[in-house]
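Using our numbering, read the sequence shown as starting at 3 and increasing by one per residue.
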Amino acid sequence: MNFIKRNGEDREHRHFEQKLRTLIEVGNELSRVDSVDTLCRRVVELGRTRVGFDRMSIWFIDKDPDFITGSFGIDEIGQLRYEIGERVAIADDPAMRQIHADRAHSLLRVNVPLRDHKGRAMGHGSHALAAIWNGQKIIGYISTDNLLKKKPITEHDRELLELYASTFGHIYSLKLTEEELQTAYTKLKDIQYQLIQAAKMEVVGELASGVAHEVKNPLGIILGGIDYLTQRLAKDDKNVQLALQRMNDAVLRADDIVKGLLDFSKLSKLDTTLKNLPEVIGESLALVKHQLDRYHIEVAKDFGSNMPNVMIDRNKIQQVFVNLFMNAIYSMPNGGQLKIKMYTKYPKDAPPAIFVDIEDTGTGIPEDILDKIFDPFFTTRRDVGGTGLGLSIVRTIINLHEGKVEIANRKDCRGTKVTLMFKI
Ligand SMILES: Nc1ncnc2c1ncn2[C@@H]1O[C@H](COP(=O)(O)OP(=O)(O)OP(=O)(O)O)[C@@H](O)[C@H]1O
Ligand SMILES: [Mg+2]
């Protein structure tokens, strides 16, 4: 009799050792997953397929510590269930109540009522529960029963579950910290980028007004001089006239840059009124009509109906649209389509907004310069008179309106898509 018992115990020990080895392998596999969500799902899947548990589910202590919320689980027909959003009061569940009150690591109960995920009784069986620890704190529980396979849950199984929950707790805490770090890093990068951008703008703004005023007067004098010389010098000497013409063009170009800089330095204050955006877009289109016709560009408008009015500085927003339309036009020297689409969004987690998409069928923007196009003075069109201030002005004006501007290459065809967001 004793001999048979010892034999049985030996077998169970060997079985337990084998399970422990599996647990280590599973732990290694779990530590390689890339997110907390995947980790929870894999714990339930591998707990069943590799470690040999039956029905299993993970519960986390809620923000309100009297409740637990679901994660992943296996249902009464053996299917994986996503139970996030399910919330149970600890006081309503006898096993939870007991383990919680005792602050125990694990708990095994035999011949207890087992329930389906809706709480309906499904007969009797064994049930084990193990706490998930994060350092000194219980953050949740892993629960398992024998509803599907009906195999009794032994003391060894309870110990195994306790170890499994402890392994999971360690990996979970690590993954959580990793995810928090990653989020913080991305946020920091974002803020750093915005700070750099803001610093650039401030420096340019300060420099701009100073330099622009200084340069404007001499430019006026040179222009006057060129005018005088054009009248006085031999009109039939083509070379002289050509040289004067070139000087004139160069000074006008310098004057353009100075004007741009002055505009830029005057950007700090807004004069806002409630305006109808389609109207402002219409006025801006009228300002570039000549260029649209010249380059054979068709305009397609899709403004939706009943667009709410927005608080804007009309002149400055006109400047935004003109700059964006001019960029689109210059990207389509052989003609194309300029599409302007307007729509509203009322998201649950963000303020309502109007969006304006401006799409062209032009050259598109090479990927390697996409992160530079908003920099003051960055231009690929210097040889044809670009100053590189257009998009810096656009961004500054839109930021002053607390809106957003994004530029990307189109996915549906060649060309660029600018998206503007205005808060309603
Ligand atoms: N719609 C577009 N299609 C293709 N490239 C564009 C478009 N919009 C902007 N770009 C690129 O971004 C660069 C910067 O644009 P930005 O408007 O700031 O300056 P610019 O147009 O070159 O000069 P300007 O100061 O006269 O506006 C452009 O030189 C061009 O390379
Ligand atoms: Mg431009």
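No residue lacks a Cβ here, since even glycine has one placed at the ideal position from N, Cα and C.
Bear in mind that the values here come from a model prediction, so they are computed numbers and not experimental data.
Under a three-way DSSP split, which group does residue i fall into?
i, result
"Q138", "coil"
"V253", "helix"
"Y187", "helix"
"I367", "coil"
"M214", "Sequence inspection shows Ala at residue 214; the Met mentioned does not correspond to that position. Helix."
"I356", "strand"
"K374", "coil"
"Y84", "strand"
"L272", "coil"
"Y230", "helix"
"M3", "Only weak support exists for where M3 lies, its pLDDT of 49 falling under 50; the value from the coordinates is given anyway. Three-state result, M3: coil."
"K406", "strand"
"F327", "helix"
"M334", "coil"
"S307", "coil"
"Q18", "Note that residue 18 is Phe in the sequence shown here, rather than Gln. If DSSP states are grouped into helix, strand and coil, F18 belongs with the helices."
Could you name the residues that DSSP lists as bridge partners for residue i?
i, result
"T90", "A small fix is needed here, since residue 90 is Val in this sequence, not Thr. V90 pairs with I70."
"H129", "R111, D147"
"E300", "Q339"
"G388", "Beta-bridge pairing links G388 to no other residue."
"S277", "In the sequence on display, residue 277 carries Lys and not Ser. Answer is V312, bridged to K277."
"D362", "L340"
"S59", "G75, S145"
"N317", "DSSP output for N317 lists no bridge partner at all."
"T418", "N411"
"R117", "A123"
"T346", "I356"
"K425", "A355"
Could you compute how far the alpha carbon of residue i sits from the alpha carbon of residue j?
i, j, result
"N219", "I259", "14 angstroms"
"F69", "G75", "17 angstroms"
"D159", "N9", "19 angstroms"
"V290", "K202", "29 angstroms"
"D295", "G338", "11 angstroms"
"G80", "G125", "16 angstroms"
"G262", "G388", "11 angstroms"
"E361", "V420", "6 angstroms"
"G137", "D12", "34 angstroms"
"H102", "V35", "29 angstroms"
"W135", "Q194", "36 angstroms"
"H298", "L287", "14 angstroms"
"E27", "H17", "16 angstroms"
"V90", "V46", "19 angstroms"
"K347", "G29", "45 angstroms"
"A208", "D251", "For the record, residue 208 in the displayed sequence is Glu; it is not Ala. Cα to Cα, the separation comes out at about 27 angstroms."
"M98", "L149", "18 angstroms"
"V53", "V407", "52 angstroms"
"P280", "H172", "57 angstroms"
"A256", "V205", "20 angstroms"
"D147", "D56", "6 angstroms"
"R416", "N278", "31 angstroms"
"N411", "A214", "34 angstroms"
"K240", "Q247", "10 angstroms"
"Q320", "G284", "9 angstroms"
"N311", "T398", "21 angstroms"
"M3", "H107", "Caution is warranted here: a pLDDT of 49 is assigned to M3, below 50, making its placement in the model unreliable, and the coordinate value is therefore given only provisionally. Near 34 angstroms, if we compare the C-alpha coordinates of H107 and M3."
"E78", "S59", "11 angstroms"
"V38", "L422", "35 angstroms"
"Y230", "V217", "20 angstroms"
"T169", "E180", "17 angstroms"
"E31", "Q199", "43 angstroms"
"K350", "T71", "23 angstroms"
"G293", "T418", "For the sequence presented, residue 293 should be read as Gln rather than Gly. Approximately 18 angstroms, taken between the alpha carbons."
"A210", "V386", "22 angstroms"
"K151", "S145", "15 angstroms"
"Y174", "Y84", "18 angstroms"
Cβ of residue i within 8 angstroms of any heavy atom in ligand 4?
i, result
"D315", "As for ligand 4, it is missing from this structure, which binds only ligand 1 and ligand 2."
- Does the pairing of the stretch 273-292 with the stretch 311-319 give three or more beta-carbon distances under 8 angstroms? yes
- Message: Beta-carbon distances below 5 angstroms to any heavy atom of ligand 2 define the shell here; list its residues in chain order, please.
- Response: N329, G392
- Message: When you compare the stretch 259-266 with the stretch 302-310, are there three or more beta-carbon pairs, one atom per stretch, that lie closer than 8 angstroms?
- Response: no
- Segment contact flag, the stretch 388-395 with the stretch 319-339, C-beta cutoff 8 angstroms, min 3 pairs: yes
- Task: Count the C-beta pairs between the stretch 333-340 and the stretch 364-379 that are closer than 8 angstroms, then say yes if the count reaches three, no if not.
- Result: yes
- Query: Three or more C-beta pairs closer than 8 angstroms, one from the stretch 378-391 and one from the stretch 339-352: is that the case here?
  - Reply: no
- Message: Whether or not the stretch 117-124 and the stretch 176-192 are in contact is what I'm after, with contact meaning three or more pairs of Cβ atoms, one per stretch, closer than 8 angstroms; do they touch?
- Response: no
- Are the stretch 100-116 and the stretch 15-25 in contact at 8 angstroms, needing three or more beta carbon pairs? no
- Message: Closer than 8 angstroms is the cut-off here; do at least three beta carbon pairs connect the stretch 138-152 with the stretch 49-68?
- Response: yes
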